[in-house]
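What follows is one structure encoded as structure tokens, with my remarks underneath.
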Amino acid sequence: MLRKIFLFTLVLFPVIFPPVMAGEAPARVELNVVALAGPTGLSLVQMMEEKPELAPEVTVHYSVVRTPEQMTARIVSGEADFAAIPTNLAAVLYRRGIPIRLAAITNWGVMYLVGKDPAVTGWEDLKGRELAVTGRGTTPDILLRYFLQAKGLDPDKDLTLRYYAAPVELAQLVIAGKVDLATLPEPWVTEAVQKNPEMKILLDYQEEWKAATGSSKSYPQSCLVVRAELAEKNPGLVREFLVRAAAATEWVNKYPDAAAPLAEKYLFISAEAARGSVPRCNLQLLPAWEIREEIDQYLQKLYDFNPETVGGELPDADFYLQK
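In terms of the working numbering, the sequence shown has 223 at position 222, counting the first letter as 1, and numbering is strictly consecutive.
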């Protein structure tokens with residue numbers, strides 16, 4: 002079935018290459034696809050493993066980096082033709098003048114609040130409590146404050162927020178029983194609740210976003226960006242990559258047991274945690290031109306909290322890959 006879909010797509014969106022003179026071999030196209038370790042790159046693990054052919058004379062190289070700083074360096078240097086990154090990072094780089102286009106959203110949120118107290122059934126129940134949070138000023142922190150304020154709470158007065166530098170550090174404290182309430186992303190949520198049976202998932206960022214904004218979708222946390230020059234000169238190849246990436250995303254959703262060892266192999270996520278976390282990673286690849294309203298709404302919320310989280314200004318229409 003997937004093969005039929007790919008063949009049909011190739012008819013609709015033929016890969017465009019420069020004309021070749023008689024007797025002249027077509028020039029090879031080398032593509033570099035870079036993913037950020039963790040759930041941001043989860044959509045691409047099948048492609049990393051199988052390296053499907055996009056078109057004759059096209060070679061694709063896949064690589065994974067561990068930090069946003071390493072990813073930024075790859076994109077700024079022009080080394081990354083496609084990159085799987087947080088959506089707000091894409092906006093920041095675009096506002097810095099880096100020639101990229103947001104091609105698709107891949108991940109619709111991975112954040113949850115875990116704890117021992119089943120009495121916490123809503124954000125208002127956090128009043129007077131101490132909550133452990135990762136990443137001061139990062140997107141999860143901004144969303145947390147937005148949810149609390151929507152419930153009439155002052156994040157700096159009505160509860161105590163205790164910040165930790167990295168999810169892995171906080172997850173270990175949760176597992177050890179040294180923290181009662183914490184916000185964590187997947188796959189650390191799964192790892193924490195698997196290793197400490199007292200901990201349960203109490204609140205869901207994704208469902209709260211939909212309730213707070215009236216949206217039918219969660220927030221577009223991660224995306225695929227493409228080099229602007231590649232998008233302009235070879236739109237067919239870009240479309241074909243997106244078709245394959247969408248199919249790979251659905252494969253991960255459908256076969257988490259098969260995806261789990263690949264997540265460990267390529268993304269530094271333990272297979273056990275990956276297997277359990279896939280259903281809560283909200284993976285769905287949708288092209289940017291179909292969901293620009295959702296992306297704009299998300300970036301606007303971040304901008305309202307702190308303009309620097311999206312590069313100081315909201316991106317204009319050229320930020321988005323066009324249909």
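Heads up, the beta-carbon is just placed ideally off N, CA and C, and yes, glycines get one too.
Quick one: using the 10 Å Cβ neighbour count with 16 as the cut-off for buried, is residue i buried or exposed?
{"i": "F148", "result": "buried"}
{"i": "Y256", "result": "exposed"}
{"i": "K218", "result": "buried"}
{"i": "T41", "result": "buried"}
{"i": "V169", "result": "exposed"}
{"i": "A120", "result": "exposed"}
{"i": "S278", "result": "buried"}
{"i": "A167", "result": "exposed"}
{"i": "Y321", "result": "buried"}
{"i": "A183", "result": "buried"}
{"i": "F83", "result": "buried"}
{"i": "A177", "result": "exposed"}
{"i": "V311", "result": "buried"}
{"i": "A212", "result": "exposed"}
{"i": "E208", "result": "exposed"}
{"i": "E241", "result": "buried"}
{"i": "Q285", "result": "buried"}
{"i": "T135", "result": "buried"}
{"i": "R276", "result": "buried"}
{"i": "A318", "result": "exposed"}
Classify residue i as helix, strand or coil using the three-state DSSP reduction.
{"i": "P188", "result": "coil"}
{"i": "D205", "result": "strand"}
{"i": "F306", "result": "helix"}
{"i": "F83", "result": "strand"}
{"i": "Y338", "result": "A query on residue 338 cannot be resolved here, the shown segment of the chain reaching from 2 to 324 and no further."}
{"i": "I296", "result": "helix"}
{"i": "A260", "result": "helix"}
{"i": "P236", "result": "helix"}
{"i": "T1", "result": "Here the chain comprises residues numbered 2 to 324, so residue 1 is not present and cannot be evaluated."}
{"i": "A177", "result": "coil"}
{"i": "S219", "result": "coil"}
{"i": "V134", "result": "strand"}
{"i": "Q323", "result": "coil"}
{"i": "P69", "result": "helix"}
{"i": "T41", "result": "helix"}
{"i": "T107", "result": "strand"}
{"i": "S278", "result": "helix"}
{"i": "L32", "result": "strand"}
{"i": "M200", "result": "coil"}
{"i": "T1", "result": "No answer is possible for residue 1: the residues shown for the chain start at 2 and end at 324."}
{"i": "A120", "result": "coil"}
{"i": "L287", "result": "strand"}
{"i": "L225", "result": "strand"}
{"i": "L332", "result": "Residue 332 cannot be examined here, being either before or after the span of the chain that is shown, 2 to 324."}
For residue i and residue j, I'd like the C-alpha separation in whole angstroms.
{"i": "K302", "j": "K201", "result": "28 Å"}
{"i": "I296", "j": "Y304", "result": "12 Å"}
{"i": "E265", "j": "E291", "result": "32 Å"}
{"i": "V35", "j": "V65", "result": "6 Å"}
{"i": "A38", "j": "P100", "result": "23 Å"}
{"i": "G116", "j": "P262", "result": "28 Å"}
{"i": "E31", "j": "A274", "result": "34 Å"}
{"i": "R29", "j": "R293", "result": "33 Å"}
{"i": "I17", "j": "G237", "result": "Reliability fails at I17, whose pLDDT of 40 lies under 50, so the model's placement of it is uncertain and the value that follows must be treated cautiously. If I take the Cα positions, the gap works out to 5 Å."}
{"i": "E51", "j": "Q71", "result": "25 Å"}
{"i": "Q298", "j": "A105", "result": "15 Å"}
{"i": "C186", "j": "N254", "result": "The question names Cys, but residue 186 in the sequence shown is Pro. Straight-line Cα distance between these residues: approximately 18 Å."}
{"i": "A172", "j": "L55", "result": "39 Å"}
{"i": "T73", "j": "G98", "result": "13 Å"}
{"i": "L144", "j": "Y206", "result": "8 Å"}
{"i": "M22", "j": "W252", "result": "Reliability fails at M22, whose pLDDT of 39 lies under 50, so the model's placement of it is uncertain and no value is given."}
{"i": "T191", "j": "K234", "result": "42 Å"}
{"i": "I76", "j": "R146", "result": "30 Å"}
{"i": "D157", "j": "R130", "result": "12 Å"}
{"i": "R137", "j": "Y165", "result": "8 Å"}
{"i": "N307", "j": "L94", "result": "16 Å"}
{"i": "T139", "j": "D258", "result": "31 Å"}
{"i": "L8", "j": "E58", "result": "In this prediction, L8 scores a pLDDT of 39, lower than 50, which makes its location untrustworthy; the coordinate-derived value is nonetheless stated afterwards. Each residue's alpha carbon lies about 17 Å from the other."}
{"i": "S78", "j": "I270", "result": "27 Å"}
{"i": "W189", "j": "Q323", "result": "35 Å"}
Report the CB separation of residue i from residue j in whole angstroms; it is logged as a contact under 8 Å.
{"i": "A85", "j": "T107", "result": "6 Å"}
{"i": "L160", "j": "L132", "result": "6 Å"}
{"i": "L204", "j": "L114", "result": "4 Å"}
{"i": "G313", "j": "R96", "result": "6 Å"}
{"i": "A246", "j": "M48", "result": "7 Å"}
{"i": "D181", "j": "D118", "result": "7 Å"}
Should residue i and residue j be called a contact, given that it needs their Cβ atoms to be closer than 8 Å?
{"i": "L103", "j": "C282", "result": "no"}
{"i": "T60", "j": "Q222", "result": "no"}
{"i": "A92", "j": "P316", "result": "yes"}
{"i": "L45", "j": "A249", "result": "yes"}
{"i": "V239", "j": "A229", "result": "no"}
{"i": "W124", "j": "Y220", "result": "no"}
{"i": "L268", "j": "L43", "result": "yes"}
{"i": "N197", "j": "V175", "result": "yes"}
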